[in-house]
Each structure stands twice: as C-alpha cells, then as structure tokens.
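Here is the structure we will look at, set down as structure tokens.
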Amino acid sequence: MINRFDTGQDISDFIGPSSGDNIKISAAPANAYGQHMTLANGCSYSRAQAPGYAPTWHLILNPHHLGQPNAHKGCAAMLS
Numbered sequence: 487m488i489n490r491f492d493t494g495q496d497i498s499d500f501i502g503p504s505s506g507d508n509i510k511i512s513a514a515p516a517n518a519y520g521q522h523m524t525l526a527n528g529c530s531y532s533r534a535q536a537p538g539y540a541p542t543w544h545l546i547l548n549p550h551h552l553g554q555p556n557a558h559k560g561c562a563a564m565l566s
C-alpha cells in the first residue's frame, strides 16, 4: 500500500513542536450531558466513554458542525 501522505517529515514540521505546557486537563462541569458541549469560553468538547470507565470530554479543534468557532489557545485538551 502506498501512503501518499508520508513525506518523510515529522508532523511537528507542520503543527509545531509538542510541549507539555500546552496540554491541559480540567474537570468537566457536573451537569455535562449529551455528545457535545460548548463552555462559556467558546471551547467545544465531544464526549467519549469506554465501558466501565467515567466519561471524558475531548477538545474539538474545528467545531463548525456545531456552529462554533475553532478552538483557541485557552482551551484544555481534555476534561475529565
């Protein structure tokens, strides 16, 4: 199989270097429900839950399908 996307470059060449400083995990609001939620700061999240585990909420980078703007620097990567 030919991977047309593999240019031999590291992904950080395109999106910048990874840093633990920009990965934030915060607590989800107690009243969070449904598949998607948008917080007052404009950050949108999608719910995920594995069997036997508590749900987690993951940042949606491009939530245009929800009618929301792109994620910004102040958004936590994940809520638990």
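Start counting the sequence shown at 487; every next residue gets the next number (my numbering).
Every residue, glycine too, gets a C-beta built ideally from N, C-alpha and C.
In the three-state scheme derived from DSSP, where H, G and I count as helix and E and B as strand, L545 is classed as strand. Look at H522 here: in three-state DSSP terms it is strand. Distance from the CA atom of A514 to the CA atom of W543, rounded to whole angstroms, is 7 Å. Less than 8 Å separates the beta-carbon of L552 from that of H522. Comparing C-alpha distances from G520 to each of N527, Q535, K559 shows the shortest one belongs to Q535. When only Cα atoms are considered, H558 and P549 end up about 11 Å apart.
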